[in-house]
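What follows is a short report on a single structure.
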Amino acid sequence: RARLPVHAMAQSKKAEDADKLELINKTKCFIFDCDGVIWRGDSVIDGVPETLEMLRKLGKKLFFVTNNSTKSRAGYLKKFTSLGLNIDAEEVYSSSYAAAAYLESIGFKKKVYLIGE
């Protein structure tokens, strides 16, 4: 991970409400990582339900991505639901789903043995 030099961090400032509103207004689609952004362990992170609801009410498209390949889309849907978050399975993209979608897109028809977690 790239890190900002200490002097650059000291110069950075928190986004003003007007800056946040401008970003929301000019953005049609928001992509969120899951672990550490939407949830931590088995707990939803404070403010996430309200933020997702607000973005949906504004007509924004939402997608959720993760490099954790241990669950299917249905498994992630269950996790979101258990945290009180209303999403569609089609909004979730895990690394295993992305790999399978890519293989399908290139017409790969053989068996695949996934090694790892």
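Residue numbers (the numbering used here): 7 to 123. C-beta atoms are modelled at their ideal positions from N, C-alpha and C, and glycine is treated no differently. Here the structure is a predicted model, which is why all the values come from computation and not from measurement.
Spatially closest choice to residue i from the options, by CA coordinates
i    : options                  : result
I121 : S102, I93 and E110       : S102
Y99  : A24, D41, K66 and L27    : D41
I44  : I93, G113, I112 and A105 : I93
A104 : T33, Y119, N73 and K115  : N73
E96  : I112, G81 and V118       : G81
Y119 : A106, G53 and S88        : A106
Contact belief for residue i with residue j at Cβ below 8 Å, rounded distance in angstroms
i   : j   : result
F38 : F86 : Incorrect: roughly 11 Å between the Cβ atoms, too far for contact.
K67 : C35 : 4 Å
Residue span of the beta strand (DSSP E) that contains residue i, given as start and end
i    : result
S100 : V98 to S100
V54  : Note, V54: premise wrong, no beta strand (DSSP E); alpha helix (DSSP H) at V54 to K63.
T72  : K67 to T72
F114 : Where F114 is concerned, there is no enclosing beta strand (DSSP E), given that its DSSP letter is neither H nor E.
C35  : C35 to D39
Alpha-carbon spacing of residue i relative to residue j, whole angstroms
i   : j    : result
S49 : P55  : 12 Å
G90 : R46  : 14 Å
N31 : E110 : 35 Å
G65 : T33  : 10 Å
Endpoints, the alpha helix (DSSP H) within which residue i is located
i   : result
D23 : D23 to K32
T87 : R79 to S88
Residue i at chain D interface by Cβ criterion, 8 Å
i    : result
V118 : Judged by its chain identifiers, the structure shown contains no chain D, having just a single protein chain.
Is the number of C-beta pairs between the stretch 75-82 and the stretch 55-62 that are closer than 8 Å three or more?
no
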